[in-house]
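Reviewing the structure listed below.
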Amino acid sequence: MSALGHRPKDMKFMTTFAALGTPKPIAESLAADGIEEAFPIQVKTLPDTLAGRDVLGRGRTGSGKTIAFAIPLVARLAEREAKHFRKPGRPMGLVLAPTRELATQINATIEPLAKAMGLNTTVIYGGISQARQEKALRAGVDIVIACPGRLEDLIRQRILTLEAVEVTVLDEADHMADLGFLPVVKKLMDMTPTQGQRLLFSATLDNGVDKLVNRYLSNPLTHSVDDPQAAVTTMEHHVLVVNDQTVKKQLIVELASGAGRRVLFMRTKHHARKLAKTLTDAGIPAVDLHGNLSQNARDRNLAEFSNGDVRVLVATDVAARGVHVDDVELVIHVDPPTEHKAYLHRSGRTARAGSDGTVVTLTLPEQQSDVKKLMKAAGVDVSFERVTANSPLVSKLVGDIADKVDPRTRAALLAAKAPQGGGTSTGANAQRKRARRSTQAAPTAGGRGGRNGRGKVGAEPVRTDTNRADRRAAMNDDVARSPRGRGKAGATHRNDVPGSQGQNGRSGRPATGQRSASAPRTASTTSTRTGGNKAVWSSATGATSGGSYGAGASGNSGRGGSGAGRPARSGPRRASAPASNERRGR
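Last residue of the sequence shown: number 593 in the working numbering, and the count goes up by one each step with no gaps.
Shown next, in the form of structure tokens:
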């Protein structure tokens, strides 16, 4: 490509990225991943996108669109020296994607290219805490790959702004339209500078995508490598007709038993989860992928499938545009999709990057009419074949049979991978708690929770720095009652140690935790209006005592001045909750 960025006249021999004008560090990074020759969509778009033109790229799923926009995005920002203008919350590159899975996959492609040019990236999507996303934005980020909903939330919170964006990419714009994101996308696009470069990649231009093109792309160049209704030429399509649900279930297990990777598509989340469990119980390890899973569960299941730990992925349409895994040899439409675009995007999980793949659609007799219309709309010419699980065609599609895995072995493997705890939190709150515990004294014996109460030694140390602790200590000390209390000022009322004889001739009490022999808790001892002895339960010790209470015999009124006329209690005194627990422990 010339210095002015004009498109070379002879394009058919320019198959390498270096020949297309890709910066050397980016070309070397791609070569390190085994990507050296450009695909048709990349050959057609790169000369214009690297020159700064607005481009509309239209191609089927798996045609190489991600690299087609990743290269100019990184190259243009590196040319503008974005790393020297890096500021918190002010990205210079933006990629909008419809789903979390797709955003993660895009970042996995862009991140190494950006790193080679000294730039950084981050991913923003909902369903998880935004704390890490905020931290990355505060540190300064050059390229943001985001889902529209969470991005709009962060902008509303003034955590970031799009006023510095110079290159904007809309990937899978038609899917964003299907999901109802176009109003949000328009708001976000309105926040970007009008003079910036805009790249839009989509399989089709329906559902309002053409309006986005007309509104936001300036004199765009359109490059299309596939008819949106054409079937992928490297795919082999089959429609298998089964008699009933019983035969269908047997056929599913048989098709899933092969040694290669396969993706099974279901219509509902519940059935996807149920089928994954059924296959695992049958000795075919499988994971599910659908909208009810947390983001961590999605990432974990997708990683197991990508790494080869499991060979079968059971998914809903949430994965139709977010799973970019190589070497998927078989896609099975267990539940036929409702419209042709979903069929094409589901099928696009196989035959990626020029490789071969097989697509199988299962249908019941009553579904044949709808499936025929679906295939016609998708541009697929295929015959309907009636089969069972033992048919020769099925054996051909399955290929080599994988070894069965005992479900108990699979469960033990998952248990071994599960977090075992014992980690150390680095949060500010956890650090404050650890610091507080390190400065506190060890607990001492003889108190409830280490507070001089009842029970075993607790983990909490003795606290003497609060008024409440001081009051509790004063209650347990042998201190004379005030004149307002029971009896004389010099009289004592103690329920926790054997005391000396009180004003009513009380000679002692049993040890803590033992029942008084002379005054059982159900005894009805005599009492007069001037005082008496009762079997009393102490709320401090939980034990029985022959505690006394005066009613003004000494000439002083009772507590609050009402002791002189207060009749004696009938029956035992009410026990506190801790005392009740102690009593049940006996």
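Heads up, the beta-carbon is just placed ideally off N, CA and C, and yes, glycines get one too.
Can you give the Cα-Cα distance for Ala419 and Ser313, rounded to whole angstroms? Here the alpha carbon of Ala419 sits roughly 20 Å from the alpha carbon of Ser313.
Rounded separation between Val412 and Pro292 - CA only: A straight-line Cα-Cα distance of about 7 Å links Val412 and Pro292.
Starting from Ser376 and walking both ways along the alpha helix (DSSP H), at which residues does that stretch end? Gln375 to Ala385 is the span of the alpha helix (DSSP H), which, as asked, contains Ser376.
Distance CB(Val174)-CB(Gln202) smaller than 7 Å: Inclusion of Val174 and Gln202 in the CB contact set at 7 Å is not warranted, their separation being larger than that value.
Count Cβ pairs between the region 166 to 182 and the region 206 to 217 that sit closer than 8 Å; are there 3 or more? Segment contact: the region 166 to 182 against the region 206 to 217, three or more CB-CB distances shorter than 8 Å; contact assigned.
How would you call Gly364, buried or exposed, if buried means at least 16 neighbouring beta carbons within 10 angstroms? Gly364 comes out buried.
Quick check on the DSSP output: the alpha helix (DSSP H) that includes Gly2 runs from which residue to which? Given that the chain is displayed from residue 8 to residue 593, the structure contains no residue 2 and the question cannot be resolved.
Please say whether Leu228 and Asp55 have beta carbons closer to each other than 7 Å? Their beta carbons are under 7 Å apart, which means Asp55 touches Leu228 by this criterion.
Ala77 versus Thr285 - alpha carbon distance: Taking the straight line from one Cα to the other gives about 40 Å.
Keeping to the same chain, check which residues put their C-beta closer than 8 Å to that of Val401; ignore five residues upstream and five downstream. By the criterion of a C-beta distance shorter than 8 Å, Val401 is surrounded in its chain by Leu247, Leu258, Glu261, Leu262, Val394 and Thr395, once the five residues flanking it on both sides are discounted.
Return helix, strand or coil for Ile150, following the three-state DSSP convention. Residue state, collapsed to three classes: strand.
Could you tell me the distance, in whole angstroms, from the CA atom of Asp324 to the CA atom of Arg107? Distance between the alpha carbons of Asp324 and Arg107 is about 13 Å.
Closest to Ala153 by C-alpha separation, out of Thr111, Ser136, Ser445 and Met124, would be which residue? Nearest option by C-alpha distance: Thr111.
Which of the three DSSP states, helix, strand or coil, is assigned to Leu247? Secondary structure of Leu247 (DSSP, three-state): strand.
Extent of the continuous alpha helix (DSSP H) to which Arg83 belongs: It spans Lys72 to Glu86 - the alpha helix (DSSP H) in which Arg83 sits, taken as one unbroken run.
Can you tell me the Cα-Cα spacing of Leu37 and Lys31, whole angstroms? Those two C-alpha atoms are separated by around 10 Å.
Three or more C-beta pairs closer than 8 Å, one from the region 379 to 386 and one from the region 264 to 279: is that the case here? By the Cβ rule, the region 379 to 386 does not count as touching the region 264 to 279, because fewer than three pairs are nearer than 8 Å.
What does a CB cutoff of less than 6 Å around Gly71 pick up in its chain, not counting 5 residues either side in sequence? Setting aside the 5 residues that flank it on each side, Gly71 is surrounded in the same chain by Phe46, Ile48 and Gln49, each with a C-beta closer than 6 Å to its C-beta; the list follows chain order.
So is Gln140 buried or exposed if we call it buried at 16+ other beta carbons inside 10 Å? Flag for Gln140 reads buried.
Bridge partners of Arg393, per DSSP? Per DSSP, Val248.
Enumerate, from N- to C-terminal direction, the unbroken alpha helix (DSSP H) stretches of 4 or more residues contained entirely within the region 165 to 205. Counting whole runs of 4 or more residues, the region 165 to 205 contains the alpha helix (DSSP H) stretches 180 to 185 and 189 to 197.
So, using beta-carbon positions, are Gly59 and Leu80 closer together than 7 Å? By the CB criterion at 7 Å, Gly59 and Leu80 fall outside the cutoff.
In terms of residues, what are the limits of the beta strand (DSSP E) holding Leu320? Segment Val319 to Ala322, the beta strand (DSSP E) holding Leu320.
Closest to Gly133 by CA distance: which of Val319, Leu300 and Val332 is it? Ranking the options by Cα distance to Gly133, first place goes to Leu300.
What do you get for Arg163, buried or exposed, if any count of 16 or more other CB atoms within 10 angstroms of its CB means buried? The residue is exposed, with fewer than 16 neighbouring Cβ atoms inside 10 Å.
For a quick check, are the C-beta atoms of Ile42 and Gln302 less than 7 Å apart? Not a contact, by the Cβ cut-off of 7 Å.
Based on Cα-Cα distance, which residue from Ile74, Pro98 and Ala75 lies nearest to Leu634? The requested residue 634 does not occur in the structure, where the chain is confined to residues 8 to 593.
Asp388 - partner residues in DSSP beta bridges: Asp388 is not bridged to any residue.
For the beta strand (DSSP E) holding Ser602, just list the boundary residues, first then last. Past the boundaries of the shown model lies residue 602; the chain is included only from 8 to 593, so the question cannot be answered.
Reference His230, options Thr22, Gly28 and Leu53, closest by Cα: Checking every option, the nearest Cα to that of His230 belongs to Leu53.
In three-state terms, what does DSSP make of Arg268? DSSP places Arg268 in strand when its eight states are reduced to three.
For His277, which residues of its own chain have a beta-carbon under 8 Å away from its beta-carbon, when the five flanking residues on both sides are left out? Closer than 8 Å at Cβ, skipping near neighbours: no residue.
I believe Pro344 touches Leu381 by the beta-carbon criterion, under 8 Å. Please report the beta-carbon distance rounded to the nearest angstrom. Confirmed, about 7 Å.
Range covered by the beta strand (DSSP E) that runs through Arg65: From DSSP, the beta strand (DSSP E) with Arg65 extends over Val62 to Arg65.
In this structure, how does DSSP classify Glu346 when only helix, strand and coil are distinguished? When DSSP states are grouped into helix, strand and coil, Glu346 belongs to the coil group.
Which residues does DSSP list as the beta-bridge partners of Gly100? Gly100 is bridged to Ile150 and Val174.
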